[in-house]
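Protein chains: 2
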Amino acid sequence: MSDIFEALSAPARRAILDELTDRDGQTLFELCTRLTMKHNLALTRQAISQHLDVLEAVGLIRTSREGRYKYHFIDTKPLHQIVSRWIDSPKK
Amino acid sequence: MSDIFEALSAPARRAILDELTDRDGQTLFELCTRLTMKHNLALTRQAISQHLDVLEAVGLIRTSREGRYKYHFIDTKPLHQIVSRWIDSPKK
DNA sequence: TTGACATGCAAGTCGTCACTTGCCTATCAT
DNA sequence: ATGATAGGCAAGTGACGACTTGCATGTCAA
Numbered sequence: 044m045s046d047i048f049e050a051l052s053a054p055a056r057r058a059i060l061d062e063l064t065d066r067d068g069q070t071l072f073e074l075c076t077r078l079t080m081k082h083n084l085a086l087t088r089q090a091i092s093q094h095l096d097v098l099e100a101v102g103l104i105r106t107s108r109e110g111r112y113k114y115h116f117i118d119t120k121p122l123h124q125i126v127s128r129w130i131d132s133p134k135k
Numbered sequence: 044m045s046d047i048f049e050a051l052s053a054p055a056r057r058a059i060l061d062e063l064t065d066r067d068g069q070t071l072f073e074l075c076t077r078l079t080m081k082h083n084l085a086l087t088r089q090a091i092s093q094h095l096d097v098l099e100a101v102g103l104i105r106t107s108r109e110g111r112y113k114y115h116f117i118d119t120k121p122l123h124q125i126v127s128r129w130i131d132s133p134k135k
């Protein structure tokens with residue numbers, strides 16, 4: 044649950060989430076080109092692939108494989124209970 | 044604004060915010076002892092001091108100096124617009 | 001089946017950051 | 001003034017992580 048903070052610490056991973064928010068269900072190559080274009084990110088395909096692995100490991104991304112394509116979908120569920128940890132603290 | 048994610052990536056800094064949520068306005072030494080006790084964190088005074096500097100730099104902590112004491116207060120304002128970046132995306 | 005396309009695996013490099021160590025400054029009590 | 005307490009500055013170490021390079025696997029079209 045606290046791995047989500049580590050996942051969100053990398054600027055490249057936040058850019059990936061931005062991209063998937065703008066257009067969900069992209070493949071790896073789509074993300075590579077669009078991140079280079081719109082976000083001024085000059086990253087290798089493998090770099091982005093590793094970032095996607097991290098995001099998927101913490102549940103921020105779901106994937107579906109179809110043939111040789113692998114689509115990536117953002118999942119914002121883990122984001123909801125994150126900040127509420129310090130904001131609405133209903134403690135004693 | 045995106046430095047907040049880097050600030051929140053360190054577990055020690057999240058523990059500090061937890062401690063200040065539990066009891067606001069602590070001094071450096073108070074935080075040291077209580078972090079060691081309740082959070083099983085064995086950190087040096089300087090380590091915690093550096094974490095406090097980071098948290099203050101991104102606006103998650105405000106401080107007030109009185110004599111030789113420096114009190115630390117949590118400020119949750121920067122936390123509000125963080126997650127909304129991907130959750131309620133009112134895009135095109 | 002051959003080649004192009006989309007992705008995966010593994011090892012290596014490099015920089016950053018968390019943490020420590022050592023010393024210094026400032027405030028208060030006696 | 002002196003000692004004790006609360007905090008600050010600066011340099012050094014070590015490890016983790018972001019990123020790259022190189023090669024391998026699997027899918028599709030011709």
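Just so you know, the protein sequences line up as chains R and D, in that order. Okay, so the first sequence: first residue is 44 according to this note's numbering, each after it adds one. Okay, so the second sequence: first residue is 44 according to this note's numbering, each after it adds one. Quick reminder that beta carbons are idealized off the backbone N, C-alpha and C, glycines included.
Counting contacts by CB-CB distance shorter than 8 Å, is residue i in contact with chain D?
i                      : result
residue 60 of chain R  : yes
residue 57 of chain R  : yes
residue 52 of chain R  : yes
residue 73 of chain R  : no
residue 116 of chain R : no
residue 86 of chain R  : no
residue 122 of chain R : yes
residue 125 of chain R : yes
residue 91 of chain R  : no
residue 106 of chain R : no
residue 119 of chain R : yes
Beta-carbon within less than 8 Å of residue i's beta-carbon, same chain only, minus the 5 sequence neighbours each way: which residues are those?
i                      : result
residue 84 of chain D  : 55, 58, 78
residue 69 of chain R  : 62, 63, 77, 114, 115
residue 125 of chain D : 47, 48
Which word fits residue i, buried or exposed, when buried means at least 16 other C-beta atoms lie within 10 angstroms of its C-beta?
i                     : result
residue 72 of chain R : exposed
residue 91 of chain R : buried
residue 94 of chain D : buried
Leaving aside the five residues before and after residue i along the sequence, list all residues of the same chain whose C-beta is less than 7 Å from its C-beta, in chain order.
i                      : result
residue 98 of chain D  : 50, 56, 59, 104
residue 118 of chain D : 102, 103, 104, 105
residue 109 of chain D : none
Tell me where the alpha helix (DSSP H) around residue i begins and ends.
i                     : result
residue 64 of chain D : 54-65
residue 47 of chain R : 46-51
Is there a Cβ from chain R that is less than 8 Å from the Cβ of residue i?
i                      : result
residue 101 of chain D : no
Among residues of its own chain, excluding the 5 on either side of residue i, which ones have a beta-carbon nearer than 6 Å to its beta-carbon?
i                      : result
residue 107 of chain D : 114
query: What are the uninterrupted segments assigned as beta strand (DSSP E) that are 3 or more residues long and contained completely in the segment 76-121 of chain R, given in chain order?
result: Taken in chain order, the complete beta strand (DSSP E) segments of 3 residues or longer contained in the segment 76-121 of chain R are 104-109, 112-117.
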